[in-house]
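As they're listed, the protein sequences go chains W and X.
Numbering-wise, the working numbering puts 198 at position 18 of the first sequence, and it's gapless, one number per residue.
Numbering-wise, the working numbering puts 181 at position 1 of the second sequence, and it's gapless, one number per residue.
Cβ atoms here follow ideal geometry from the backbone N, Cα and C, with glycine treated the same way.
Working notes, beginning with the structure itself.
2 protein chains.
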Amino acid sequence: MAKKTKAPELTLESLLESLKSNGLKLTPPRKIILGTLLKSHGPFSAEEIYKNFAKKTCDLATVYRNLTHLENAKMIRRCDFGDGVARYELIHSDHDHHHHLICKGCKKVEILDLCEMENLLNLYVKKYDFKNVTHILELFGTCPNCQ
Amino acid sequence: MAKKTKAPELTLESLLESLKSNGLKLTPPRKIILGTLLKSHGPFSAEEIYKNFAKKTCDLATVYRNLTHLENAKMIRRCDFGDGVARYELIHSDHDHHHHLICKGCKKVEILDLCEMENLLNLYVKKYDFKNVTHILELFGTCPNCQ
DNA sequence: ATCTTAATGCAAACTATTTGCATTTGAATT
DNA sequence: AATTCAAATGCAAATAGTTTGCATTAAGAT
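Structure (structure tokens):
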């Protein structure tokens, strides 16, 4: 079931390559944004990424604009935790679709692979004859530490 | 599997009763808000509910405040379609948990009962030992009409 | 009829995000 | 290396959705 093809490791270099192949210029802000997303997984908001800039070397608006560009280029994915803040994470491959289990206390994020369950979901939905069905699915709870 | 107890029909009267039992006063805005939510199912935003007021007889801020109150009283549920707008719908009973399949074209909303799938979801998540696990799950696509 | 507190109106504040416009800069081209 | 030009940026202002402070009003208990 699992693909035998090893996942091509995502590096800052490969990401900067992707920029190029998407017709996006390699600018300092973009380097920092991609570097930040590469450093840790948890989806990050524009603010969080922005705070990561050592010397506020670019405008917050630039972060927003770039996140939109990177999303269009399918290099990052937008996550919705239902709190009115958009968060983004790197897309590691075409088939790295997953969800999150977020602790309401410490905000720790567990990665969930619900691939099989989603097949079931598609079955359920088939009768409605909708095309291009996508979904948002995020889980919340209290982690062992915070209980 | 399905409960034999017939669902106690939700009426404007029963809703106004619920207001009382939740220590909430019966005010004109509240009557209209509940009436609106009772009229059709689709989760509605504060704006949409507000527009339903025949003569703008109350302030939009009042609608927001009341939606918050009604949510706290567990009379309505907040839905998140990932577009930065909060939408609300009546809770018809303790066990009326469901999701939506929303057409990206005409915005038509289908109600999905994914109860069984959610049991599976809980199984998947068990190993993380999170407590009080909740989730948001909404589906989007293009309905037959809009294809 | 009175009283107390919750509910409301109105305006201002707030948060996350977007946009207009002048300026700068990456990178393709000479 | 210098030129060029669209793309990217900075900055400030605009926007959307929602919340809040405060003085006033009214629901419903006494």
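Checklist entry - Mind checking E227(X): buried by the 16 CB within 10 Å criterion, or exposed? => result Answer is exposed; the Cβ neighbour count stays below 16.
Checklist entry - Taking Cβ-Cβ distances shorter than 8 Å, what residues in chain W pair up with V400(X)? => result No answer is possible for residue 400(X): the residues shown for chain X start at 181 and end at 327.
Checklist entry - So does the stretch 228-236 of chain X actually touch the stretch 285-298 of chain W, counting three or more Cβ pairs closer than 8 Å? => result no
Checklist entry - Are the stretch 302-322 of chain W and the stretch 310-325 of chain X in contact at 8 Å, needing three or more beta carbon pairs? => result yes
Next on the checklist: Taking only three categories from DSSP, how would you classify N302(X)?
Outcome noted: Residue state for N302(X) is assigned as helix, using DSSP reduced to three classes.
Item to check | chain X contact residues for L292(W), given Cβ-Cβ distances below 8 Å | outcome: Y304 and V305
Checklist entry - What whole-angstrom Cβ distance do Y304(W) and M297(X) have, given they're in contact under 8 Å? => result The Cβ separation is near 6 Å, so the contact holds.
Checklist entry - For E318(X) versus I271(X), is the C-beta distance shorter than 8 Å? => result no
Checklist entry - Quick one: what does DSSP say K183(W) is sitting in, helix, strand or coil? => result Unreliable placement is indicated for K183(W), whose pLDDT of 47 sits below 50; no coordinate value is reported for it.
Next on the checklist: Taking the straight line between their C-alpha atoms, what separation do you get for T349(W) and Q327(X)?
Outcome noted: Summary: the structure shown does not reach residue 349(W), with chain W confined to residues 181 through 327, and so no result is reported for it.
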